[in-house]
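Protein sequence lines correspond, in order, to chains R and B. The letter at position 35 of the first sequence is residue 34 when you use numbering that gives the first Met the number 0, and the numbering goes up by one with no holes. The letter at position 185 of the second sequence is residue 184 when you use numbering that gives the first Met the number 0, and the numbering goes up by one with no holes. Ideal Cβ placement from N, Cα and C applies to all residues, glycine included.
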Amino acid sequence: MCLAIPALVKSIDGYQAEVEIGGIRCRANLQLTPEAKVGDYVLLHTGYAINVIAVEEAEETLRLLRELGEAY
Amino acid sequence: MKYIDEFRDPELARKLVARIHRNSTQKITLMEFCGGHTVAIFRHGIRQLLPQNITMLSGPGCPVCVTANSDLDKTIALAHLPNTIITTFGDLFKVPGSYSSLAEVKAEGSDIRIVYSVQDALDIARDNPDKSVIFIGIGFETTAPTIAASVLEAERERITNYYILPLNKLCPPIMKALLKLGEINISGIIAPGHVSAIIGSYPYNFIPKDFSVACVISGFEPLDILLSIDMLLNQIETGDCKVEIAYRRGVKAEGNREAIRLLGEVFEDGEAYWRGIGMVSSSGLKLNKKYQRYDVENNFNIKTRPALEPKGCICGSILRGVSTPPDCKLFRQKCTPEQPVGPCMVSSEGSCATYYQYGNGDER
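Following this line, the structure appears as C-alpha cells:
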C-alpha cells in the first residue's frame with residue numbers, strides 16, 4: 000500500500016502534472032508537493048506526488064554505499 | 000529506471016552483505032512495519048543473505064490485513080445501499096469479511112469499482128451526480144493526505160455526492176502498542192519509508208528513548224534495505240539507539256509539511272481497532288467536525304451483523320510477529336491465494352501471501 004515510484008515531471012498545469020516512469024506517461028496530482036518543478040523527480044503514490052526526490056541525497060547515499068563496501 | 004536501478008547494484012549488495020556478516024555478533028530480531036518492506040525483503044531474497052543470528056519479523060504493516068472484520072463488513076453493507084457506487088483500492092476487493100467480500104457483492108450486482116487513485120473516485124462522483132459515491136479510505140499516513148486533498152477538492156467544487164468511509168490508520172501508535180505489549184524482544188525497527196516521507200522522523204523518537212530499540216527509516220530497493228540493516232546493526236552493536244534516516248532521497252526529518260497540513264485540516268485522530276491487537280488509542284483517522292458531511296456513517300444508516308472471525312485463522316498473531324505463516328494449520332492447506340481464509344493471504348502485501356509466493360526465505 001505504500002508503494003511509490005520515482006517519476007520525472009515533464010509538464011505542469013495547475014495542480015496536475017504529466018510525469019514519466021520508464022518511458023510511460025501518466026498524470027500526477029501535485030497538491031502535496033506544490034514546490035515540484037519540471038525536471039524534478041517525484042515519488043508517485045496512487046496518482047499523487049508525495050515528495051520531491053532529493054537528488055543530492057541520492058548521490059550521497061550511493062557514495063556512502065560504495066564507501067561502506069570498499070573493504071569487502 | 001532512475002533511482003531504482005542504481006539501488007539494485009548486485010556488486011554493492013554483495014559487499015554490504017559481507018559487511019553485515021562481519022559486524023553481526025549477537026542474536027537480534029529486526030521487525031519491519033510496512034507491507035511494502037515485507038514484499039521487498041522476500042522478493043529480493045534478503046533473508047537468505049543475512050547471517051543466521053539475525054531474525055527478521057513482519058509487523059502489522061499491511062493496512063488491509065489490519066482492518067477488522069467489523070470494518071470490512073461495513074464496506075459490504077454500504078455496497079448494498081441503493082444508488083451507490085463503492086470505490087476502493089484493488090487490494091481490498093477480495094478480502095473476506097465475516098460473511099462476504101466486495102468481489103462477491105459485485106458479482107451479485109452491486110456497483111463496486113476498483114480505483115488506482117482517490118482522484119478517480121472524485122471523477123466518478125463528478126460523472127454520476129445522481130449516485131452516492133463512497134470511497135473506502137484504507138491505508139496509512141502515505142495515503143491519508145491524498146484522501147484529505149480529495150475532500151478539500153470536493154469542498155472547493157461543492158461536490159455533494161462524495162463520501163469517505165475513513166479507515167486510515169497511523170504507524171507510530173501501533174509501533175508503540177506493539178513495543179508495550181513486549182511479546183517479542185525486538186532489537187531494531189525498519190521504519191516505513193513512504194509513511195515517513197509524509198510524517199518525517201520525529202514521530203519515531205519514542206522508540207530509542209522509551210524502549211531502547213534501534214530505528215532506521217528505510218527505502219524499498221535491495222541496497223536501501225541492506226543499508227538499513229547495516230545501520231541498525233551498528234546502533235545495536237554500539238548500544239547507541241536512535242532514529243536514523245537511511246532513505247535520505249525520499250525522507251526529510253520534518254516530513255512533507257504540506258501533506259501534514261492537509262491531514263490536520265481534514266482529519267483528527269481517534270481510537271481504531273486493529274486486527275489481532277484490538278483497540279489502540281489515537282491510532283486511526285476520522286474526519287473532523289468541519290468535514291463531517293463527507294463521513295459516510297453520518298449520512299447513511301449502516302447495518303451489520305455481529306462480526307465473525309474465520310475458524311483457525313491466526314492472522315492476528317502473525318500481524319503481531321508472534322507467529323509466522325508456516326505456524327498456521329490453514330497455510331497452504333485450506334488457505335491459499337485462490338481460496339483465502341484471512342486477509343494476510345489476500346493482500347499482496349500480507350505475510351501469508353508473501354511467504355506463499357516466495358517461500359519461507361530460510362533456505363540458505
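Beta-bridge partners of residue i, as assigned by DSSP
i	result
B/Ser-131	B/Thr-83
B/Met-30	B/Leu-56, B/Ile-188
B/Thr-66	B/Trp-273
B/Ala-364	The shown model of chain B, from 0 to 363, leaves out residue 364 of chain B, and the question about it has no answer.
R/Val-74	Missing from the structure shown is residue 74 of chain R; chain R here goes from 0 to 71 and no further.
Residue i to residue j span [Cα, whole Å]
i	j	result
B/Ile-173	B/Tyr-2	30 Å
B/Asp-129	B/Ala-120	15 Å
B/Phe-219	B/Gly-192	7 Å
B/Ile-189	B/Val-215	5 Å
B/Gly-108	B/Leu-80	12 Å
B/Leu-101	R/Asp-39	39 Å
B/Lys-289	B/Arg-274	29 Å
B/Cys-312	B/Leu-329	7 Å
R/Pro-33	B/Glu-152	15 Å
B/Asp-326	B/Ile-317	9 Å
B/Phe-205	B/Ser-23	25 Å
R/Glu-66	B/Pro-9	15 Å
B/Ala-12	B/Ser-217	15 Å
B/Ile-40	B/Asn-82	43 Å
B/Arg-363	B/Met-344	Annotation note: pLDDT 48 at B/Arg-363 (below 50); position unreliable, coordinate value reported separately. Distance between the alpha carbons of B/Arg-363 and B/Met-344 is about 25 Å.
B/Val-38	B/Thr-353	6 Å
B/Pro-59	B/Phe-32	6 Å
B/Ile-259	B/Ala-176	23 Å
R/Ala-6	B/Met-30	29 Å
B/Cys-61	B/Gly-349	6 Å
B/Ala-252	R/Ile-20	27 Å
R/Glu-17	B/Gly-249	20 Å
B/Asn-300	R/Val-41	41 Å
B/Thr-323	R/Gly-46	33 Å
B/Glu-264	B/Lys-14	46 Å
B/Ala-106	B/Arg-112	12 Å
B/Ile-185	R/Tyr-14	43 Å
B/Arg-292	B/Tyr-357	44 Å
R/Cys-1	B/Leu-231	22 Å
B/Glu-154	B/Asn-287	14 Å
B/Arg-7	R/Glu-59	16 Å
From the options, residue whose alpha carbon lies closest to that of residue i
i	options	result
B/Arg-304	B/Ile-27, B/Glu-5, B/Leu-49, B/Thr-74	B/Thr-74
R/Gly-68	B/Cys-64, B/Arg-18, B/Thr-66	B/Arg-18
B/Glu-243	B/Glu-270, B/Pro-207, B/Gly-277	B/Pro-207
B/Gln-364	B/Arg-319, B/Ser-316, B/Cys-351	Because chain B is modelled from 0 through 363, residue 364 of chain B falls outside the range shown and cannot be assessed.
B/Thr-66	B/Gly-138, B/Ile-113, B/Ala-76, B/Leu-151	B/Gly-138
R/Ser-10	R/Leu-42, R/Ile-49, R/Cys-25	R/Cys-25
B/Glu-156	B/Arg-125, B/Leu-178, B/Lys-175	B/Arg-125
R/Leu-63	B/Thr-353, B/Gln-291, B/Asp-229	B/Asp-229
B/Gly-199	B/Asn-359, B/Gly-254, B/His-20	B/Gly-254
B/Ser-131	B/Phe-32, B/Tyr-357, B/Asn-298, B/Lys-310	B/Asn-298
B/Gly-34	B/Tyr-355, B/Ile-53, B/Ser-57	B/Ser-57
B/Gln-338	B/Ser-69, B/Ile-197, B/Lys-93, B/Phe-266	B/Lys-93
B/Ile-53	B/Ser-69, B/Gly-44, B/Gln-25	B/Gln-25
R/Val-8	R/Ala-48, R/Leu-2, R/Cys-1	R/Ala-48
B/Ala-381	B/Arg-319, B/Leu-286, B/Ala-213, B/Val-265	As displayed, chain B neither begins before 0 nor continues past 363, which places residue 381 of chain B out of reach and without an answer.
B/Gln-51	B/His-36, B/Leu-178, B/Ala-78, B/Arg-21	B/Arg-21
B/Tyr-98	B/Glu-308, B/Thr-87, B/Val-279	B/Glu-308
Contact check, residue i vs residue j, beta carbons under 7 Å
i	j	result
B/Gly-341	B/Cys-314	yes
B/Asp-294	B/Ser-281	no
B/Gly-136	B/Pro-95	no
B/Ser-347	B/Asp-72	no
B/Ile-123	B/Ile-84	yes
R/Glu-56	B/Arg-247	yes
B/Tyr-162	B/Ile-133	yes
B/Glu-5	R/Leu-61	yes
B/Arg-46	B/Met-55	yes
B/Val-117	B/Thr-145	yes
B/Val-194	B/Glu-140	yes
R/Leu-31	B/Glu-257	yes
B/Pro-171	B/Pro-202	yes
B/Leu-49	B/Ala-147	no
B/Ile-224	B/Ile-27	no
B/Ala-271	B/Lys-168	yes
B/Ala-306	B/Asn-160	no
R/Asn-28	B/Ala-196	no
Cβ-heavy atom distance, residue i to the ligand SAM, below 6 Å
i	result
B/Glu-103	As far as ligands go, the structure on display features none, and thus does not contain the ligand SAM.
Legend entry - Uninterrupted alpha helix (DSSP H) stretches inside the region 240 to 295 of chain B (no shorter than 4 residues): 256 to 265
Inset, instruction - Please go through the region 4 to 46 of chain R and give each complete beta strand (DSSP E) segment of 3 or more residues, from N-terminal end onward. - result: 4 to 12, 15 to 20, 23 to 28, 40 to 44
Inset, instruction - With a floor of 4 residues, list each alpha helix (DSSP H) that falls wholly inside the region 93 to 170 of chain B, ordered by position along the chain. - result: 101 to 106, 117 to 126, 143 to 155
Inset, instruction - Taking only runs that begin and end inside the region 306 to 361 of chain B, name each unbroken alpha helix (DSSP H) of 4 or more residues, in chain order. - result: Counting only runs of 4 or more residues that sit fully inside the region 306 to 361 of chain B, the alpha helix (DSSP H) segments are 314 to 318, 342 to 345, 350 to 357, in chain order.
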